[in-house]
């Protein structure tokens, strides 16, 4: 059932362009279906990147907004 996903992840790893999780095993369940075991990836907090990401997104959205919306004050969450 997950053979295609395993092949896709292996192809991604083979390019060396992106980090893809390593697939460990595909297990067929006795009552039907399957489960997919992958490596554990410890995630770090991205809160330090929140402000730069929001600012970048806002700078890309502003040119697309109609003029009356540009006259409104910025949202409170953006000022933090």
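Numbering (my numbering), first residue to last: 525 to 604.
C-beta atoms are modelled at their ideal positions from N, C-alpha and C, and glycine is treated no differently.
Check whether chain C comes within 8 Å of residue i, counting only Cβ atoms and requiring the distance to be less than that.
i, result
"residue 553", "Annotation note: the requested chain C is absent from the structure, which comprises a single protein chain."
Do residue i and residue j have their CB atoms nearer than 8 Å?
i, j, result
"residue 544", "residue 533", "yes"
"residue 536", "residue 542", "yes"
Between the Cα of residue i and the Cα atoms of the options, which residue gives the shortest distance?
i, options, result
"residue 550", "561, 575 and 566", "561"
Taking all protein chains shown into account, decide if residue i is buried (16 or more other Cβ within 10 angstroms of its Cβ) or exposed.
i, result
"residue 547", "buried"
With residue i as the anchor, note down where its beta strand (DSSP E) starts and where it stops.
i, result
"residue 558", "558–562"
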